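Enquirer: Quick one: the structure is below, and I'll ask about it shortly.
There are 2 protein chains.
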Amino acid sequence: MYKETSLEEVDAILAKAGQAYRELKRYSIRQRAAFMRAVAVEIEALGNELIKTAMNESHLTEARLTGERARTILQWNSYANYAELGNWLDVRIDMPFLSPSTKPDIRKISVALGPVAVFGAGNFPFAFSTAGGDTACAIAAGCPVVVKAHPGHPQTCALMAQAIEKARVKCRMPEGIFAQVYGAGIEIGQVLVKHPGIKAVAFTGSYQGGKALTEMAAQRSEPIPVFAEMGSINPVFLLPEKLKKDGNEVAGQFITSVTLGVGQFCTNPGLMIGIAGEELNSFTAALEKLAHDAPPATMLHPGIAANYEKTREKALRQQEVEVLAQSGIEAAENQGGITLAKVSAHTFTANPALQEEVFGPYSLLVVCQNADEMLAVANAIKGQLTATLIATGADLEANRELYEVIQERCGRIVVNQFPTGVEVCLAMHHGGPYPATSNSAFTSVGADGIKRFTRPLSFQNWPNQYLPAELQNENPLEVWRTINNELTLEAINLTVTSL
Amino acid sequence: MYKETSLEEVDAILAKAGQAYRELKRYSIRQRAAFMRAVAVEIEALGNELIKTAMNESHLTEARLTGERARTILQWNSYANYAELGNWLDVRIDMPFLSPSTKPDIRKISVALGPVAVFGAGNFPFAFSTAGGDTACAIAAGCPVVVKAHPGHPQTCALMAQAIEKARVKCRMPEGIFAQVYGAGIEIGQVLVKHPGIKAVAFTGSYQGGKALTEMAAQRSEPIPVFAEMGSINPVFLLPEKLKKDGNEVAGQFITSVTLGVGQFCTNPGLMIGIAGEELNSFTAALEKLAHDAPPATMLHPGIAANYEKTREKALRQQEVEVLAQSGIEAAENQGGITLAKVSAHTFTANPALQEEVFGPYSLLVVCQNADEMLAVANAIKGQLTATLIATGADLEANRELYEVIQERCGRIVVNQFPTGVEVCLAMHHGGPYPATSNSAFTSVGADGIKRFTRPLSFQNWPNQYLPAELQNENPLEVWRTINNELTLEAINLTVTSL
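Protein sequences appear in the order of chains A and B.
Here the first sequence stands for residues 1 to 499, numbered as in full-length UniProt numbering.
Here the second sequence stands for residues 1 to 499, numbered as in full-length UniProt numbering.
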């Protein structure tokens, strides 16, 4: 169904992608959106074969994969809608004729960067892989995509590539708009990132992987941006009044969140911070009972399960770390069982190793003696995708400095919900300060993710008919534009306004 | 009036900046805007002393400096206005209650990155230095600023710092919102960029300087973004019909542009590309005459004049480069006189050294044999701040591939005007692909320049009163927001919509 790509083939693939980039300029955002909707249709048409193949490769359940397929289809359709709305184009028009002066007519729009290399994630074989959000965003922006197929689920990747190719043929899009390369080793990915034909990189995976690609891209003679989402331990701050009021309910929600998908989410709550006392004691008692009853489950593949074992053992070997609770059911081969540990705030702030991600159903409780220690922990925490406050209004009122510090350290801050589950919507930010991502200015989920693959371009004094359609007076594609500082969908009516 | 800053003082300066960053969260954008307008007032109040000091240090004329001061004052006032409008905040609100579901309430806003280090330019002692656009943008975003005073005009920098401090005291802004460090060497700048208290860097200057800072920032344990504007040779493509029709007029405009400010602008047109023939011959004859009559003028300082001499000689020593025209008046000490050279397209595309910037009133004409060669030159050109087409409608019609390729290589594309003169407006993009800048996604002129110093942050399920004011239902600061995909200035009326 697929074969390894030789390093020699990469030049030809990128020549086609470069050609497609030029050809795509002759296609409107509406044509790109129609293609994206056709991809959604073809993914659905893969039917049960897609689910079976992914189950076989990823060990995820049928229910989970069916849900993820629905999310993936939703992504293609909603990115298509967003692409057409055109907010992401950030169209700005400054027209001197409305207030006569010697100033030039200047119009700005976001344009596509060029071919994009995408490295998907192992834990989302549909939604963050070959036909995932990065690919959809890049195509929405007008960029051809070359995906490095994930070695954990290459058959699934190959099926998705077929679906995209079918849609491409049906919609008569340029041949090089999408390509996929296959290889178990890291060489093929390195060749891609170093290739002058690639103009941006999207990556979802480990800190080590993201860091290596970012450095490689920075060392090119023409450096290119890398949008790497590198994971996170997603601290949950447990404030006393809320724990007192709803501790048992919160414990239940926490256990659900930390064991969701066997803890294999970048938004998994891998860290809790509480203040010693009666409320925390009764909360941890509830956790212990729930953890004890939580069954282990099969992880994505044997390598992930082995890595969970290894990193968890390393975390538990750190000085003064104690096991707080564990599943009472022994994990079978390739399974991961919940493990909760605890440590003092003093030890936590002194040992950066305690902030390393343990990818699986693991979480560390940091026990503070008082609110000042909790603030010190917040100040010591590295950049995160998310952070959560379990808090009443009074808890927030009493801890403004705390939540302001937490805001500095994350991309999404949640109150009284858990961070697993990343809604695909315009207001979503799935990103965060380093080392959660390599570029805190951009999101990898939600419509603004399209912006990663664009840059602004201003047109000065251009004849109307040679401008991109979105900048022409008539606004034929009906996108939102800021004209002389006013946001509007209106066309520019020269016959009236130039009098 | 100023003293060199010791390396030991930097820690204390950044501790204050960090403190100010936290304090600034309690100030609204309206308070920041009021402070920015007060800075504009205090710059004006420096009066003639500012002009005299800058004339003395920069050798720019009184008329030029008076104009640049007006531009600088305009910048502070217009960034203040933009800050208040709030478009740059990219507020997005997704509210499930409008279409009942289990989806969370998510609201996104751009937040300040933290203290910013600013390295100004020697050629704009007001508009791109201590109190220049980078400083104004960072403060608009809510970031304290530490400026490395430009060693070419330190007294001017010190005066501007005084004006900012006066405004700060009057507006009761936090003490660490602005600081300036002084040093003739490069150490103090390196200490700043490597300091963990600095979260972003803005730089305007040479490719070498920008590249060094970008690499330094990438090597930090917490890498930070560097927005370096590193110059450009701003190609001008001369298309035949337009040359035939208006060659003499274009020659005059070109000479005005290339000698403006003794060629010391990052948008100086340092490259022309034409097609051999009668039209080009008569155009170059006009250029020769005009260049011969153009008087040399004093450059910014002796180092700049010496560097102009050196880089021009190096350019003229390249194989097959010929002098096309020169000023007939001999340049006095520290003056720069116009020099135009020419070379064949074939030689140009084979020799990257011909794309190195000659900072001064210099331009190279690349003579192509036909339109295909002109396209080959366009394809060989590196990233630029601007590119210009001198063209009739018919020229554009016949050269679509050419102008599409040129668009890939610049940040602003101009028709029948010259690129010197960078309007401060929302539609302006002053940026471009590498090596024109280190980050093609952002502009250093115009309201969107504020975005360089922000990152998005999403709030999920937050109680209304603890949200930033711009995200609260009532929209008390009256900023533009995208609510459930609709752009609006309206407040959210819960009593009606939550029924």
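We put the beta carbon where it would ideally sit given N, CA and C, even for glycine.
Please read these numbers as outputs of a predicted model, since none were measured by experiment.
Tell me the residue span of the beta strand (DSSP E) that contains Lys108 of chain A.
Expert: Run containing Lys108 of chain A: 106-112, per the beta strand (DSSP E) assignment.
Enquirer: Which ranges would you report for the alpha helix (DSSP H) in the segment 367-418 of chain B if only whole runs of at least 4 residues count?
Expert: Within the segment 367-418 of chain B, the complete alpha helix (DSSP H) runs of at least 4 residues are 371-380, 393-398, 400-408.
Enquirer: To the nearest angstrom, report how far apart Glu356 of chain B and Leu271 of chain B are at their CA atoms.
Expert: Using only the alpha carbons, I get a separation of about 10 Å.
Enquirer: Would you say Asn464 of chain A reaches chain B, if we count a Cβ-Cβ gap shorter than 7 Å as a contact?
Expert: No, because no Cβ of chain B sits closer than 7 Å to the Cβ of Asn464 of chain A.
Enquirer: Taking Cβ-Cβ distances below 9 Å as the criterion, which residues of the segment 269-293 of chain A are in contact with chain B?
Expert: Flagged: no residues at all.
Enquirer: Use the C-beta contact count for Asp94 of chain B: other C-beta atoms within 10 angstroms, 16 or more gives buried, fewer gives exposed.
Expert: It is buried - the Cβ of Asp94 of chain B has at least 16 other Cβ atoms within 10 Å.
Enquirer: Pick helix, strand or coil for Glu313 of chain A, following the three-state DSSP scheme.
Expert: Helix, per DSSP.
Enquirer: I'd like to know whether the C-beta of Asn461 of chain B is nearer than 7 Å to at least one C-beta of chain A.
Expert: It does; some Cβ of chain A falls within 7 Å.
Enquirer: To which residues does DSSP link Ser363 of chain A through a beta bridge?
Expert: Ser363 of chain A pairs with A:Leu340.
Enquirer: Would you say Gln264 of chain B and Leu290 of chain B are within 7 Å of each other, going by their C-beta atoms?
Expert: Cβ distance not < 7 Å, so Gln264 of chain B and Leu290 of chain B don't count as in contact.
Enquirer: Take the Cβ of Pro456 of chain B as the centre, count every other Cβ of all protein chains shown within 10 Å, and call the residue buried at 16 or more, exposed below.
Expert: Buried: at least 16 other Cβ atoms inside 10 Å.
Enquirer: Round the Cβ separation of Asn307 of chain B and Pro269 of chain B to the nearest angstrom and send it over; I've been treating them as touching at under 8 Å.
Expert: Contact doesn't hold; Cβ gap of about 19 Å is too wide.
Enquirer: At a Cβ threshold of 7 Å, is Glu222 of chain A touching chain B?
Expert: Yes, its Cβ sits closer than 7 Å to a Cβ of chain B.
Enquirer: Tell me where the beta strand (DSSP E) around Arg481 of chain A begins and ends.
Expert: Its beta strand (DSSP E) spans residues 481-483.
Enquirer: Looking only at C-alpha atoms, which of A:Leu287, A:Ala447, A:Glu44 sits nearest to Ser78 of chain A?
Expert: Residue A:Ala447 is the option with its Cα nearest to Ser78 of chain A.
Enquirer: In whole angstroms, give me the CA-to-CA distance for Lys310 of chain B and Tyr207 of chain B.
Expert: Between Lys310 of chain B and Tyr207 of chain B, the C-alpha separation is close to 17 Å.
Enquirer: Any chance you could list the beta strand (DSSP E) runs of at least 3 consecutive residues sitting entirely within the segment 164-218 of chain B, in chain order?
Expert: DSSP runs (the beta strand (DSSP E)) wholly in the segment 164-218 of chain B: 178-181, 200-204.
Enquirer: Residues of the segment 403-426 of chain A with a CB closer than 9 Å to any CB of chain B: list them in chain order, please.
Expert: For the segment 403-426 of chain A, which is checked against every Cβ of chain B, the residues closer than 9 Å are Tyr403, Glu404, Val405, Gln407, Glu408, Cys410, Gly411, Arg412, Ile413, Val414, Val415, Asn416, Gln417, Pro419, Gly421, Glu423, Cys425, Leu426.
Enquirer: Taking C-alpha atoms, which residue in A:Thr298, A:Glu8, A:Ala427 lies nearest to Asn56 of chain A?
Expert: Taking only the C-alpha atoms, the option nearest Asn56 of chain A is A:Thr298.
Enquirer: Got a sec: which bits of the segment 466-490 of chain B sit with their beta carbon under 8 Å from any beta carbon on chain A, in order along the chain?
Expert: Those residues of the segment 466-490 of chain B that come within reach of chain A (Cβ to Cβ, closer than 8 Å) are Tyr466, Trp480, Thr482, Asn485, Leu487.
Enquirer: Is there contact here, the segment 386-403 of chain A with the segment 233-249 of chain A, by at least three beta-carbon pairs under 8 Å?
Expert: The segment 386-403 of chain A vs the segment 233-249 of chain A: in contact.
Enquirer: Per DSSP, what kind of secondary structure is Leu14 of chain B in: helix, strand or coil?
Expert: In this structure, Leu14 of chain B counts as helix in the three-state DSSP scheme.
Enquirer: With DSSP as the reference, label Leu467 of chain A as helix, strand or coil.
Expert: If DSSP states are grouped into helix, strand and coil, Leu467 of chain A belongs with coil.
Enquirer: Mapping DSSP to helix, strand and coil, what is Ser129 of chain A?
Expert: Of the three classes helix, strand and coil, the one that applies to Ser129 of chain A here is coil, per DSSP.
Enquirer: I want to see whether chain A comes within less than 7 Å of Lys52 of chain B, judged by CB atoms only; does it?
Expert: No, Lys52 of chain B does not count as interfacial toward chain A.
Enquirer: Short of 9 Å Cβ to Cβ, which residues in the segment 425-445 of chain B face chain A?
Expert: Result list: Cys425, Leu426, Ala427, Met428, His429, His430, Gly431, Gly432, Pro433, Tyr434, Pro435, Ser438, Asn439, Ser440, Ala441, Phe442, Thr443.
Enquirer: Check whether chain B comes within 7 Å of Asp11 of chain A, counting only Cβ atoms and requiring the distance to be less than that.
Expert: Asp11 of chain A does not count as touching chain B.
Enquirer: Within 10 angstroms of its Cβ, does Thr5 of chain B collect 16 or more other Cβ (buried), or is it exposed?
Expert: Result: buried.
Enquirer: List the residues of chain D whose Cβ lies closer than 7 Å to the Cβ of Ala218 of chain A, in chain order.
Expert: Looking at the structure shown, chain D is missing, and the protein chains on hand are A and B.
Enquirer: Where does Arg30 of chain A fall in DSSP's three states?
Expert: If DSSP states are grouped into helix, strand and coil, Arg30 of chain A belongs with the helices.
Enquirer: Whole angstroms is fine: what's the gap from Asn439 of chain A's alpha carbon to Glu320 of chain B's?
Expert: C-alpha separation (whole angstroms): 45 Å.
Enquirer: Taking just the CA atoms, how far does Thr204 of chain B sit from Ala294 of chain B?
Expert: Distance between the alpha carbons of Ala294 of chain B and Thr204 of chain B: 28 Å.
Enquirer: Going by other Cβ atoms of all chains shown within 10 Å of its Cβ, with 16 needed for buried, is Ser221 of chain B buried or exposed?
Expert: Exposed is the call here.
Enquirer: Grouping DSSP H, G and I as helix and E and B as strand, with all else coil, what is Thr497 of chain A?
Expert: Since pLDDT at Thr497 of chain A reaches only 41, below the 50 mark, its modelled position is unreliable, and the value read off the structure follows with that caveat. Correct three-state label for Thr497 of chain A: helix.
Enquirer: Compute the beta-carbon to beta-carbon distance between Gly393 of chain B and Pro435 of chain B, rounded to the nearest angstrom, for a pair I have assumed lies under 8 Å.
Expert: Actually they are not in contact, since the Cβ atoms of Gly393 of chain B and Pro435 of chain B sit about 33 Å apart, beyond 8 Å.
Enquirer: Decide if Pro296 of chain B is buried, meaning its Cβ has at least 16 other Cβ atoms within 10 Å, or exposed.
Expert: With 16 or more Cβ atoms within 10 Å of its Cβ, Pro296 of chain B is classed as buried.
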